[in-house]
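Undergrad: First, the structure itself, so that you have it in front of you.
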Amino acid sequence: MKTTETTSRRTTEELEERVSSLEKQNAELTAKIKWFEEQFRLSKQRQFGTSSEKTNADQLELPLFNEAEISADPTIEEPTVETITYKRKKTKGQRDIKLENLPKEIIEYRLPEEDQVCSCCNGNLHEMSTEIRRELKVIPAEVKVIEHVQLVYSCRHCGRKNIETPIVKASMPK
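Here it is, written out as structure tokens:
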């Protein structure tokens with residue numbers, strides 16, 4: 013019987029120790045939760061709350077009437093205001109005018125002779141048009157205009173027969 017009393021005392025003591033440690037842990041966690049809630053509330057206040065703008069006591073009452081209107085003489089006529097009703101046209105094409113005096117370097121991109129064959133009828137392709145892309149190349153103390161001329165080819169035979177005319181462009185870097 014002594015052993016059961018001893019073991020029961022031991023288990024009750026262990027349980028009491030465990031309860032006290034859990035209560036202590038619970039109190040610590042509750043304190044941490046309160047701290048985090050306070051930090052969250054403060055960050056919300058900082059983010060969305062009122063700022064620290066201060067107002068003077070004199071500034072709280074705003075004047076209800078315009079003092080300039082009250083003190084002004086109503087017999088004097090107000091000056092007329094002229095309004096501009098037209099708009100000036102914007103000048104277009106200024107870039108070409110500004111670039112025409114600069115030295116030019118022209119790079120042409122052509123299809124090789126063996127690739128100038130129509131994919132539909134195997135006829136010869138001719139130069140239909142060109143596409144030009146202008147870039148500014150600035151070297152310190154020197155500015156150049158580089159024109160990339162890309163030749164565009166089409167088949168005359170397919171164009172005359174109103175077949176879907178394939179249009180081929182010479183490859184060029186972007």
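Number 186 marks the last residue of the sequence shown (our numbering); no jumps.
Note that beta-carbon positions come from the ideal geometry of N, C-alpha and C, so glycine has one too.
Which class does S166 belong to by DSSP, given the choice of helix, strand or coil?
TA: S166 falls in the strand class under three-state DSSP.
Undergrad: Could you spell out where the beta strand (DSSP E) holding R107 opens and where it closes?
TA: Careful: R107 lies outside any beta strand (DSSP E), inside the alpha helix (DSSP H) at 106-111.
Undergrad: Ignore the nearest five residues each way along the sequence and tell me which others in Y121's own chain have a CB closer than 6 Å to its CB.
TA: Closer than 6 Å at Cβ, skipping near neighbours: Q162, A182, M184.
Undergrad: Give the single residue among P115, L137, W47, I82 whose Cα lies nearest to the Cα of I151.
TA: Comparing Cα positions, the closest option is P115.
Undergrad: On the criterion of 16 or more Cβ atoms from any shown chain inside 10 Å, does C133 qualify as buried, or is it exposed?
TA: Looking at its Cβ environment, which holds fewer than 16 other Cβ atoms inside 10 Å, C133 is exposed.
Undergrad: Taking buried to mean at least 16 other C-beta atoms within 10 Å of its own C-beta, is Y98 buried or exposed?
TA: Exposed: under 16 other Cβ atoms inside 10 Å.
Undergrad: Enumerate, from N- to C-terminal direction, the unbroken beta strand (DSSP E) stretches of 3 or more residues contained entirely within the region 113-164.
TA: You should have 116-121, 137-151.
Undergrad: Check whether the region 137-145 and the region 154-170 touch, using three or more Cβ-Cβ pairs below 8 Å as the test.
TA: Touching, per the Cβ criterion.
Undergrad: Quick check: what's the CA-CA separation for E81 versus T95?
TA: The alpha-carbon atoms of E81 and T95 are separated by roughly 24 Å.
Undergrad: Looking at I158 and E112, is the spacing between their C-beta atoms short of 8 Å?
TA: It is not a contact, given that the beta carbons lie outside the stated cut-off.
Undergrad: Could you give the distance in angstroms between the alpha-carbon of K186 and the alpha-carbon of L148?
TA: So the two alpha carbons sit approximately 14 Å from each other.
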